[in-house]
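Below is one structure, written out as structure tokens, with a few remarks after it.
In this note's numbering, the protein residues as written are 864 to 1492.
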């Protein structure tokens, strides 16, 4: 190895030091799959050098087994104070291999596996590159070695601060999914053009990750995703991302996203149905719908001669076919009740004291699939069932956009299930917000009408109940959130709050009396619990003193969902604050949002529900009970 303090490093020198390299044009990879192709093989490196004579070189941090601390003081002087603060708190970084960058910054190389991080985790002006990231190698133009010491082990505090890389099974593209199809690209561009940009200091790091995940879900390849985000989204960000930094965010989304690839592409509606059932053109579906539908008109003379009968799914409460809404605040128990109703009907068991008409149920689950597994198991165990028969209760495996076109495409898929297991008793959409089209607004009467039309299409085609789960309004807790067009389209509606199930609309007949319920915990295993709602005598004061406030419930539920989604034990306070403020909506002033968050966190911490340590928030209830989403 040459004396690197006195000689200019070559790519071969870097490879000899153990660095996995690949060529770049400035900071953008010149090889399509750099994570797979990065190498220490000298012949390959020489071949690339001939193929790209003026290229730069990048080091694959994950493959090399390093974490690189990027002190970007040349671009952001705040990095100097950040490094000083870290040294005061933890002591200086160990003596290690260090490189000066062209912009008067420094790269400190350390052995270990850590996550990529923007400046939020270590301080302003300091980024890190780890598994899934890369840095310009010291053989690139403008980079020079300033400390030739061996690469030292990363201190424990640094890895803990960054968090270890997420461990998830690699996501497999479904066989029937065609990536980057013109229709999928069009949808992705429309989404990127209209979605919120990333703003530094306002959860921009997390926002970028979520945007990339969404584009991935639409059936876009990783490279195409980066291209589209650079062309149609990045310029609106403040500040815009560097190409390599954005590339890392996209890579993380494709590696660590919870959903399988292409979850919202047309071909990936349900995995359990044969490919030929999935690939149905919209036009053909529309024609089939017209051919199989009822006549457009009927003479009243004929209508009144039909048998007069009322068909209930839940006796005296929910008629079929109808569309209804279950709404309430976060943590009120609305999802518990929705699952309880669906499983009760599927088994032909009473629900909230009322008899049901047995039939299969289809559940559109927009999130929290791990929690759904626990809740189903808890319900079965509570009511003495060892198992559930095939076809009684079917769940979507991911969030699905419900539009008038998409439900036509889904129809043959659902029809195949009906042919196999029998007519549907009902469909649940949990929640409304999670099943709206990407650019749709729940406050828009036009967008809500499109969603309701899609739900009604499914209800009418399968002659069943359609139950939509939704949130309470921010200002008016007695009504659901969003456009008034929602309530106008409903046949029935009930509010869930403080141990009370109260009907607020019943198009046919008088409103039923309120029903009281309590949440009972069910043991599923060591430190694993969920819960089921159980009918009890109605008490107007039930739960009012015991329940958390709405802001506390919101913060706790966002914390639990974030922990579940990231498969972690904590959520950073900054990320939780960003999610909390987003959930409050644009009508609440930023200062008010921050005060509400601080107060909610303080109250939850003082009650022992959560704990806050070193900028991270831990949920002390995780080992006790599953919570409503």
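Here a beta-carbon is modelled for each residue, glycine too, at the ideal position from N, C-alpha and C. Only a predicted model underlies this, so the values are computations on that prediction, with no experimental measurement involved.
- Residue 1333 carries a strand assignment under DSSP once its states are collapsed to helix, strand and coil.
- Taking 9 Å as the cut-off, the Cβ atoms of residue 1078 and residue 1022 do not count as close.
- Across the set 1291, 1083 and 1063, the C-alpha of 1083 shows the shortest separation from the C-alpha of residue 1051.
- Rounded to the nearest whole angstrom, the CA to CA distance from residue 1479 to residue 1055 is 31 Å.
- Between the stretch 1204-1220 and the stretch 1306-1326 there are fewer than three C-beta pairs closer than 8 Å, too few to call the two in contact.
- For residue 914, the enclosing alpha helix (DSSP H) begins and ends at 905-914.
- Spatial neighbours of residue 1104 in its own chain (CB-CB distance under 8 Å, excluding positions within 5 residues in sequence) are listed in chain order as 1061, 1071, 1097 and 1112.
- For residue 956, same chain residues with a beta-carbon under 6 Å away, outside a window of 5 residues either side, are 971 in chain order.
- The DSSP-derived three-state label of residue 1452 is coil.
- For residue 1444, the CB contacts under 6 Å within the same chain, skipping 5 residues up- and downstream, are 1456 in chain order.
- Three or more Cβ pairs closer than 8 Å define a contact, and the stretch 1279-1295 falls short of that threshold against the stretch 1239-1246.
- Taking all protein chains in view, the Cβ of residue 1197 is crowded by 16 or more other Cβ atoms within 10 Å, so the residue is classified as buried.
- Following the DSSP letters along the chain, one finds residue 898 in no beta strand (DSSP E) but inside the alpha helix (DSSP H) bounded by residues 897-900.
- Across the structure, residue 928 and residue 979 are spaced so that their CA atoms are roughly 13 Å apart.
- For residue 970, the enclosing beta strand (DSSP E) begins and ends at 969-974.
- The beta carbon of residue 932 sits closer than 6 Å to the beta carbons of 971 and 991 from its chain, once the five residues preceding and following it are set aside; these are given in chain order.
- Contact between residue 1211 and residue 1264 fails: their C-beta atoms lie close to 32 Å from each other, not under 8 Å.
- Residue 1253 holds the alpha-carbon nearest to the alpha-carbon of residue 1284 among 1312, 917, 1253 and 897.
- The beta carbons of residue 1426 and residue 1482 sit closer together than 9 Å.
- Judged by DSSP secondary structure, residue 1271 falls within the alpha helix (DSSP H) whose first and last residues are 1267-1284.
- In the DSSP assignment, residue 1091 falls within the alpha helix (DSSP H) that extends over 1085-1095.
- Sequence-distant partners of residue 1357 (beyond 5 residues in either direction) whose C-beta falls short of 7 Å from its own C-beta, in its chain, are 1189, 1364, 1365, 1366 and 1367.
- Under the 10 Å beta carbon count, residue 1250 is surrounded by fewer than 16 other beta carbons and is classified as exposed.
- The alpha carbon of residue 875 has as its nearest neighbour, out of 994, 1453 and 922, the alpha carbon of 922.
- In chain order, 958, 959 and 960 place their CB closer than 7 Å to the CB of residue 1012, counting only its own chain and leaving out the 5 sequence neighbours on each side.
- According to DSSP, residue 1358 shares a beta bridge with 1190 and 1365.
- Per DSSP, the beta bridge partners of residue 1435 are 1479.
- With fewer than 16 other beta carbons inside 10 angstroms of its own, residue 1399 counts as exposed.
- Taken through DSSP and simplified to helix, strand or coil, residue 1060 comes out as coil.
- According to the DSSP assignment, residue 1310 belongs to the alpha helix (DSSP H) that extends over 1308-1325.
- Taking each of 884, 917, 897 and 1325 in turn and checking the Cα distance to residue 904, the smallest one comes out for 884.
- A residue is called buried when at least 16 other Cβ atoms come within 10 angstroms of its Cβ; residue 1256 meets this threshold and is buried.
- Bounds of the beta strand (DSSP E) holding residue 1228 are 1224-1228.
- Non-local beta-carbon contacts of residue 1374 in its own chain, meaning distances under 8 Å to residues more than five positions away in sequence, involve 1366, 1367 and 1368 in chain order.
- CA-to-CA, the gap between residue 1448 and residue 1471 works out to about 28 Å.
- Rounded to whole angstroms, the separation of the alpha carbons of residue 1075 and residue 1162 is 54 Å.
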